[in-house]
Amino acid sequence: MKSLGATEHPDYHDELLIVRNSGEIPEVALHGAFYYLTSDPEGPGLTLTEEEQGQLKEMAVKRYREILLRDLTHANRRSRIFRGLARSFVNWQRVRLFCEKEKMETTELQQEVREAFLSFLREEAAVVAAGDQSTVNCTADELVAFARGLGIAREGLPVTWFDLCGRKE
Numbered sequence: 519m520k521s522l523g524a525t526e527h528p529d530y531h532d533e534l535l536i537v538r539n540s541g542e543i544p545e546v547a548l549h550g551a552f553y554y555l556t557s558d559p560e561g562p563g564l565t566l567t568e569e570e571q572g573q574l575k576e577m578a579v580k581r582y583r584e585i586l587l588r589d590l591t592h593a594n595r596r597s598r599i600f601r602g603l604a605r606s607f608v609n610w611q612r613v614r615l616f617c618e619k620e621k622m623e624t625t626e627l628q629q630e631v632r633e634a635f636l637s638f639l640r641e642e643a644a645v646v647a648a649g650d651q652s653t654v655n656c657t658a659d660e661l662v663a664f665a666r667g668l669g670i671a672r673e674g675l676p677v678t679w680f681d682l683c684g685r686k687e
């Protein structure tokens, strides 16, 4: 296999963009990129350095971040792209496990997601108090588990959080 630096091969840059702009499960795109760049008979047959592998992994985390923040942005709650808290919880678990497996730091991402989560709940509580229907699509137990996974105690949730949960089981 040829050993080229990341800046020397256009396919590498294409794969960075593909992973960064991938669909709902960035890890799938990441593994596809690794395969194409290194093993695919039709690929460039590169030997990726740890730094190049790390850059691809960072693109996957950036995509996860984008997906998480999209679904925790209250202004998106009525749009087609919105997947809700239930999907955010799943995606948080995915990115956390991915980062743990890859020995990548999540402190900054966790803080950002925690703030977005609390902001979403506060804004949702306000619109529900004003008479709108809640878009929270998870159970109370799931919401508490998500909060706990972000380092938020039950007492740190908005007072009316339970009333927001569409599914009570």
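Just add 518 to wherever you are in the sequence shown, counting from 1, and you've got our numbering. Even for Gly, the Cβ is constructed at its ideal location relative to N, Cα and C.
1. Asp-558 by DSSP, collapsed to three states: which one?
2. Quick check on the burial criterion: 16 or more other C-beta atoms within 10 angstroms. Buried or exposed for Lys-575?
3. Determine the extent of the alpha helix (DSSP H) in which Leu-627 is found, giving its start and end residues.
4. Tell me the rounded alpha-carbon separation between Gly-669 and Val-677.
5. Is the separation between the beta-carbon of Val-646 and that of Asp-681 shorter than 9 Å?
6. Determine, using beta carbons only, whether Glu-570 and Tyr-554 come nearer to each other than 9 Å.
7. Confirm, please, whether the CB-CB distance from Val-613 to Val-654 is below 9 Å.
On the basis of the coordinates in this document:
1. coil
2. buried
3. 625-647
4. 17 Å
5. yes
6. no
7. no
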